[in-house]
Amino acid sequence: MKLICLLTSVICASSAYSQVNGIFNIVNFGAKTNNKSNAKFAIQKAIDACSKSGGGTVFIPDGNFYSSTVYLKSNINLHFSNGANLYAIADSSLYKNDKEGLEDAGDSFIPALIVVKKQKNVSITGSGSIIGQPEFYYTLVTGNDVYPGFNENARKSGADMNRPWVKNPKISLVYISDSEHITLNDISIINSPNWSCHIQWSNHVSIARIKIRSSLKNGVNSDGLDIDGCKKVVISDCIIETGDDAICIKTTVQGNRSETAEDILVNNCVLSSSSCALKIGTETNANISRIVFSNCTISNSNRAIGIIVRDGAIVDNITFSNILLDCYRKPFFWWGNGEAFHFNVFKRNKNSKLGMIKNVILENIRGTVEGSSSILGYPQSDYSSIQNITLSNISLLINAEREKDKRTKNAIDVVEAKNITIEKLEVSWDRSVVEPLWEHALFLKNVGGYIL
Numbered sequence: 283m284k285l286i287c288l289l290t291s292v293i294c295a296s297s298a299y300s301q302v303n304g305i306f307n308i309v310n311f312g313a314k315t316n317n318k319s320n321a322k323f324a325i326q327k328a329i330d331a332c333s334k335s336g337g338g339t340v341f342i343p344d345g346n347f348y349s350s351t352v353y354l355k356s357n358i359n360l361h362f363s364n365g366a367n368l369y370a371i372a373d374s375s376l377y378k379n380d381k382e383g384l385e386d387a388g389d390s391f392i393p394a395l396i397v398v399k400k401q402k403n404v405s406i407t408g409s410g411s412i413i414g415q416p417e418f419y420y421t422l423v424t425g426n427d428v429y430p431g432f433n434e435n436a437r438k439s440g441a442d443m444n445r446p447w448v449k450n451p452k453i454s455l456v457y458i459s460d461s462e463h464i465t466l467n468d469i470s471i472i473n474s475p476n477w478s479c480h481i482q483w484s485n486h487v488s489i490a491r492i493k494i495r496s497s498l499k500n501g502v503n504s505d506g507l508d509i510d511g512c513k514k515v516v517i518s519d520c521i522i523e524t525g526d527d528a529i530c531i532k533t534t535v536q537g538n539r540s541e542t543a544e545d546i547l548v549n550n551c552v553l554s555s556s557s558c559a560l561k562i563g564t565e566t567n568a569n570i571s572r573i574v575f576s577n578c579t580i581s582n583s584n585r586a587i588g589i590i591v592r593d594g595a596i597v598d599n600i601t602f603s604n605i606l607l608d609c610y611r612k613p614f615f616w617w618g619n620g621e622a623f624h625f626n627v628f629k630r631n632k633n634s635k636l637g638m639i640k641n642v643i644l645e646n647i648r649g650t651v652e653g654s655s656s657i658l659g660y661p662q663s664d665y666s667s668i669q670n671i672t673l674s675n676i677s678l679l680i681n682a683e684r685e686k687d688k689r690t691k692n693a694i695d696v697v698e699a700k701n702i703t704i705e706k707l708e709v710s711w712d713r714s715v716v717e718p719l720w721e722h723a724l725f726l727k728n729v730g731g732y733i734l
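Under the numbering used here, residue 734 is the last one in the sequence shown; the count climbs by one each step, no gaps.
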């Protein structure tokens with residue numbers, strides 16, 4: 283009996299040491315600072331103990347920790363100390379049983395460092411950092427890579443035809459799916475080898491004051507925030523600099539499942555992207571509606587605003603307002619032309635449904651660009667794939683393209699669309715360097731009704 287009591291006392295003391303006032307420090311569960319051994323098991327033990335106690339805070343203290351996939355659970359705040367760095371281990375073998383998430387438009391599963399799946403009331407907070415360790419290689423663009431026309435133009439112009447790719451393992455740093463009441467505050471997400479933070483099929487999401495950074499030169503597929511089939515999302519006061527899209531609203535498909543994206547607000551963010559800063563698409567397998575982007579500053583970007591529908595969805599009731607932008611051309615293999623906005627409806631393949639963009643407002647947009655902004659619908663007799671678009675109080679200065687392979691002709695192209703309203707549009711051209719391809723401030727073709 284005395285032996286049993288003694289053992290019980292030891293176990294209780296150990297448990298008390300591991301957590302204090304609902305705070306579970308990962309070091310107390312075996313995580314080693316500044317040690318490249320895998321801290322996954324210690325972190326998961328802390329999470330499991332916190333969950334078993336009914337919830338609380340799992341604390342990552344100052345220091346460098348290295349881990350493969352960990353799974354957060356309901357009613358837990360994963361909190362990073364100011365000097366805490368959690369690195370994703372760059373070893374594919376350590377993720378072979380933990381593949382979560384999607385890569386681009388396909389069904390190819392990829393691993394993630396922090397996973398939240400089918401949970402409630404989960405937060406990731408603090409001023410520490412979640413860090414990837416990507417390595418890159420380069421290949422020559424040949425054949426039909428990117429757009430064949432762009433390839434040939436770049437080749438003839440003497441552009442560097444090498445483009446970067448990320449080596450395996452491709453790892454997303456944060457993946458959240460099928461969850462609700464999610465909070466991300468103040469954390470930094472740095473150098474993700476794949477999508478930095480993918481939030482899928484989740485509701486009531488709040489993201490504030492986070493920083494995301496990946497290489498503007500090499501960061502292919504390193505999107506900042508991918509909000510995928512989510513509802514009731516607020517993103518505010520974030521700073522994001524990424525090679526791929528900075529903030530992207532999309533609706534991917536997994537098996538036969540795709541969820542609509544609705545009621546999303548993006549406000550007061552500072553963004554840079556070698557692709558598109560504020561984007562909807564291209565994965566559009568379910569409808570997207572009631573999205574507002576406001577009070578954002580965009581600089582050093584290849585495209586400021588984009589809506590691209592490939593998979594048959596209806597994108598409806600979208601507003602971009604009070605956007606200050608500075609865009610210029612990036613190398614030819616990045617999506618974008620250094621333009622203010624690009625709307626496009628087409629089919630991903632011959633069997634894809636035809637989607638639609640409608641009821642979109644762009645208001646109080648001003649800045650400098652190098653490329654042609656465009657509204658490009660799918661060829662139809664009634665021009666209905668893009669309709670009811672309003673451009674109000676738009677002011678653009680067109681500068682000469684800094685890339686060798688020139689593309690820009692018109693400031694704004696509108697093709698195969700209807701019910702276009704343009705009011706208070708101001709376009710000016712840089713007079714110090716006049717490009718020979720420049721033609722019109724506004725070009726309309728096959729437009730079924732417009733008001734100027």
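Ideal Cβ positions, reconstructed from N, Cα and C, are used throughout, including at glycine.
Would you kindly work out how many angstroms separate the C-alpha atoms of residue i and residue j, rounded to a whole number?
i, j, result
"Gly-410", "Ser-667", "45 angstroms"
"Asp-510", "Thr-533", "5 angstroms"
"Asn-582", "Ser-554", "5 angstroms"
"Cys-479", "Ile-704", "36 angstroms"
"Lys-314", "Lys-327", "14 angstroms"
"Ile-406", "Gly-304", "16 angstroms"
"Lys-612", "Asn-567", "29 angstroms"
"Ile-371", "Asn-320", "8 angstroms"
"Cys-520", "Ala-490", "6 angstroms"
"Ala-387", "Val-535", "The predicted position of Ala-387 is uncertain, since its pLDDT is 47 and thus under 50; a value taken from the coordinates is nonetheless stated next. So the two alpha carbons sit approximately 8 angstroms from each other."
"Asp-545", "Phe-575", "11 angstroms"
"Val-642", "Leu-673", "9 angstroms"
"Lys-514", "Arg-713", "46 angstroms"
Using a threshold of 8 angstroms, state whether the C-beta atoms of residue i and residue j are closer than that.
i, j, result
"Asp-695", "Ser-656", "yes"
"Tyr-660", "Val-627", "yes"
"Ala-586", "Leu-560", "yes"
"Val-456", "Ala-394", "yes"
"Asn-549", "Ser-571", "no"
"Ile-600", "Ile-573", "yes"
"Gly-414", "Ser-349", "no"
"Arg-689", "Asn-619", "yes"
"Lys-306", "Gly-336", "The amino acid occupying residue 306 in the given sequence is Phe; Lys does not appear at that position. No."
"Leu-658", "Phe-623", "no"
"Cys-551", "Ile-529", "yes"
"Asn-468", "Ile-492", "It should be noted that the sequence gives Asp, not Asn, for residue 468. Yes."
Check residue i in the structure and name its three-state DSSP category.
i, result
"Glu-683", "coil"
"Glu-698", "strand"
"Phe-311", "helix"
"Asn-549", "strand"
"Glu-434", "helix"
"Cys-530", "strand"
"Cys-224", "The chain is shown from 283 up to 734; residue 224 falls before or after that span and cannot be answered."
"Phe-628", "coil"
"Tyr-377", "helix"
"Ile-469", "coil"
"Ile-570", "strand"
"Ala-543", "strand"
"Lys-399", "strand"
"Ile-492", "coil"
"Phe-615", "coil"
"Ile-371", "coil"
Cβ of residue i less than 8 angstroms from any chain C Cβ?
i, result
"Val-397", "Checking the listed chains, one finds no chain C in this structure; it contains a single protein chain."
Which word fits residue i, buried or exposed, when buried means at least 16 other C-beta atoms lie within 10 angstroms of its C-beta?
i, result
"Gly-537", "exposed"
"Thr-351", "buried"
"Ser-748", "There is simply no residue 748 to check, as the chain begins at 283 and stops at 734 in what is shown."
"Ser-454", "buried"
"Leu-678", "buried"
"Asp-344", "exposed"
"Tyr-419", "exposed"
"Glu-565", "buried"
"Asn-391", "One point to set straight first is that residue 391 is Phe, not Asn, in the sequence displayed. With fewer than 16 other Cβ atoms within 10 Å, it is exposed."
"Ser-279", "The requested residue 279 does not occur in the structure, where the chain is confined to residues 283 to 734."
"Lys-700", "buried"
"Trp-477", "buried"
Discussion item. Quick check: the region 430-443 against the region 496-513, are at least 3 beta-carbon pairs closer than 8 angstroms?
Written reply: No: the two stretches stay apart, fewer than three of their Cβ pairs being nearer than 8 angstroms.
Worksheet item: Any contact of the region 716-726 with the region 456-470, i.e. 3+ C-beta pairs under 8 angstroms?
Response: no
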